[in-house]
Amino acid sequence: MKVIEMSGNITMVFNESREIYRYLHQHPELSFEEYQTRAFILNQLLKYGYEDIKINVGGGGIVARLTGGKPGPVTAFRADFDALAIQEETDLDFKSVNDGVMHACGHDAHTTILLMAAKQLIKYRQRIEGTIVFLFQHAEEVKPGGAVSIVKSGELDDVDQIFGLHLSGDIPYDGVINYCPGYALAASDSFTINIQGNGGHAATPHSTVDSTVVAAFLIQQLQTIVSRNKNPLDSGVLTVANFHAGNGANNVIADSATISGTVRTYNPELRALIKKRIFNMTEQVSQAHGAKVEIDYLDGYPPLYNHPEKMEEVADVFTDTFGAARIIESPPRMGGEDFAYYVEKIPGAFYFIRAGAFAENNYPHHHPKFQIDERSLLTGLKTILSLAEYYHQVKVGIFQ
Ligand SMILES: [Zn+2]
Ligand SMILES: [Zn+2]
59 MKVIEMSGNI
69 TMVFNESREI
79 YRYLHQHPEL
89 SFEEYQTRAF
99 ILNQLLKYGY
109 EDIKINVGGG
119 GIVARLTGGK
129 PGPVTAFRAD
139 FDALAIQEET
149 DLDFKSVNDG
159 VMHACGHDAH
169 TTILLMAAKQ
179 LIKYRQRIEG
189 TIVFLFQHAE
199 EVKPGGAVSI
209 VKSGELDDVD
219 QIFGLHLSGD
229 IPYDGVINYC
239 PGYALAASDS
249 FTINIQGNGG
259 HAATPHSTVD
269 STVVAAFLIQ
279 QLQTIVSRNK
289 NPLDSGVLTV
299 ANFHAGNGAN
309 NVIADSATIS
319 GTVRTYNPEL
329 RALIKKRIFN
339 MTEQVSQAHG
349 AKVEIDYLDG
359 YPPLYNHPEK
369 MEEVADVFTD
379 TFGAARIIES
389 PPRMGGEDFA
399 YYVEKIPGAF
409 YFIRAGAFAE
419 NNYPHHHPKF
429 QIDERSLLTG
439 LKTILSLAEY
449 YHQVKVGIFQ
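If you use the working numbering, the sequence shown corresponds to residues 59 to 458, in order.
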């Protein structure tokens, strides 16, 4: 593995990246409604000379293929492009012009990076061994997400490996890339349980079914799933975050009570076990007290599993390109990502680029003041070009 051969004008590439990034940042659109963004991406790809482009993949995805002059593997790179229902509060002069909508997760940057990679790589089409697939994905932020339907579309059936990146805007930019082999992001499921008792006078409990008492008992019991049913070596958490019963009167036993919360896991077997136990326990506890129950359980994205061999390969390529000091293994995180659906089917890996705009106290993702350092656009571009060089023997000479 050799370091990318570098020449050409990196300043020009940076300026162009920034222009695209700022345009996207200024024009954010909500998940599943990213019509202008999709049109913009398509237009850029056509401008760069792409011919093999599919739109509306799995609903709103865009897939552009670059088939080289020589045989080789098929590699997909994925970027998401949806924004969030947040009113932007930064003082950027390219802040959102769409009221109540903001790119507060960095998906605008992901898309910029992938567009710039597409622009550079098509210049070397003849030298490419195999096929590079540029996958622009709609709707990462809102379930069911875009990835699951893109996988189902069959458009990626011939892909041998897939890679994705996420900026970490909460950590200051320092040119460092974080990676995590195996489970890197959690499955995030949620539940709402409604306990229907039989309300009445607070002084005559014997003539009621007290939903508050049943719910309180249930909350305690649910904790034993994590403490008694879960293998202590497996990570997992169950939190009851809300409990509502009664209407404020001291002399009334509440007719019904509602509790809701979240379950976070990495291991799919543990994920299934916790879900099953929640159902069993809720039904049996309610039955024992004579209450009726309704459970609304929402399966979130699966846990994101980085195939260890691919992740190590990626880390090695990046170490050669950026130097060992900039490639740091990090522990798993409890956030979720629908990139998980791709790596359920295709070997691949997902990595993080530290990208916070400030030296310290960066705002977290999904915060109205979230901001990235634009230099991370070049870091991201360089990661994709270095993987393209490694897997497809194509050198793009823009970094020096
Ligand atoms: Zn997000
Ligand atoms: Zn995101």
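Idealized CB from N, CA, C, for every residue including glycine.
Check: Is it true that the CB of Ile277 sits closer than 8 Å to the CB of Ile332?; Outcome: no
Check: If you follow the beta strand (DSSP E) that Ser314 is part of, which residue opens it and which one closes it?; Outcome: Ser314 to Thr323
Check: At a threshold of 7 Å, does Cys238 count as lining ligand 4 (C-beta to nearest heavy atom)?; Outcome: Looking for ligand 4 in the displayed structure turns up nothing; the ligands present are ligand 1 and ligand 2.
Check: Using beta-carbon positions only, say whether Ser434 and Tyr231 come within less than 8 Å of one another.; Outcome: yes
Check: According to the Cβ coordinates, are Arg149 and Tyr79 closer than 8 Å?; Outcome: It is worth fixing the name first, because residue 149 is Asp in this sequence and not Arg. No, the pair does not count as a contact, with Cβ atoms beyond the cut-off.
Check: At a cut-off of 7 Å, is Glu198 close to ligand 2 when judged by its beta-carbon and the heavy atoms of the ligand?; Outcome: yes
Check: When DSSP labels each residue in this structure, what does Gly107 get in the three-state scheme?; Outcome: coil
Check: Mapping the DSSP letters down to three states, classify Phe408 as helix, strand or coil.; Outcome: strand
Check: What are the partner residues of Phe301, as DSSP defines its beta bridges?; Outcome: Ile317
Check: Looking at the secondary structure, which residues open and close the alpha helix (DSSP H) in which Arg335 lies?; Outcome: Pro326 to Ala346
Check: Among Met174, Ile353 and Gln145, which residue has its Cα nearest to the Cα of Phe72?; Outcome: Met174
Check: Spatial neighbours of Val321 within its chain, please: CB distance less than 6 Å, with the 5 preceding and 5 following residues excluded, ordered by chain position.; Outcome: Asp247, Leu296 and Ile332
Check: When DSSP labels each residue in this structure, what does Leu362 get in the three-state scheme?; Outcome: strand
Check: Could you work out which residue in Phe135, Gly126 and Lys112 is closest to Gly406 when comparing CA atoms only?; Outcome: Phe135
Check: Just the C-alpha distance for Glu432 and Tyr409, rounded to the nearest angstrom, thanks.; Outcome: 18 Å
Check: Using only the heavy atoms of ligand 1, determine whether one of them is closer than 7 Å to the beta carbon of His423.; Outcome: yes
Check: At the level of alpha carbons, what is the spacing between Glu418 and Ile229?; Outcome: 8 Å
Check: For the region 81-99 against the region 192-199, are there 3 or more C-beta pairs whose distance is under 8 Å?; Outcome: yes
Check: Considering only the beta carbon of each residue, do His161 and Leu82 sit closer than 8 Å?; Outcome: yes
Check: Residues in the same chain with beta-carbon distance under 6 Å from Leu193, minus the five sequence neighbours each way, listed in chain order, please.; Outcome: Val121, Ala134 and Arg136
Check: Pull up the DSSP beta-bridge partners for Thr125, would you.; Outcome: Thr189
Check: In chain order, what residues of the same chain lie with their CB nearer than 8 Å to the CB of Val155, ignoring the 5 residues before and after it?; Outcome: Gln84 and His85
Check: Once DSSP output is grouped into helix, strand and coil, what is the label at Thr148?; Outcome: coil
Check: Residue range of the beta strand (DSSP E) that Gly455 falls in?; Outcome: Here Gly455 belongs to no beta strand (DSSP E), and DSSP marks it neither H nor E.
Check: Just the Cα atoms here: how many angstroms apart are Phe376 and Ser444?; Outcome: 7 Å
Check: Identify, in the order they occur along the chain, each residue of the same chain with its Cβ nearer than 7 Å to the Cβ of Ala349, setting aside the five sequence neighbours on each side.; Outcome: Ile253, Gln254, Gly255, Val267, Ser269 and Val272
Check: Kindly indicate which three-state DSSP category Ala162 falls into: helix, strand or coil?; Outcome: coil
Check: Going by C-alpha to C-alpha distance, which of Gly107, Lys112 and Tyr106 sits closest to Arg96?; Outcome: Lys112
Check: What three-state label does DSSP hand Ser65 in the structure shown?; Outcome: With a pLDDT of 48 at Ser65, under the threshold of 50, the modelled position of this residue cannot be trusted; read the value that follows with caution. Reduced to three states, the DSSP call for Ser65 is coil.
Check: Identify whether Thr266 lies in helix, strand or coil by the three-state DSSP scheme.; Outcome: coil
Check: What is the DSSP secondary structure of Leu280, reduced to helix, strand or coil?; Outcome: helix
Check: Would the C-beta of His83 count as close to ligand 2, meaning under 7 Å from any of its heavy atoms?; Outcome: no
Check: Report the three-state DSSP secondary structure of Gln429 (helix, strand or coil).; Outcome: coil
Check: Whole-angstrom Cβ separation of Arg183 and Leu124, contact assumed at under 8 Å?; Outcome: 6 Å
Check: Indicate, with yes or no, if ligand 2 has a heavy atom lying under 7 Å from the CB of His165.; Outcome: yes
Check: So for Leu350, helix, strand or coil by DSSP?; Outcome: In the sequence under discussion, the amino acid at residue 350 is Lys, which differs from the Leu named in the question. Correct three-state label for Lys350: strand.
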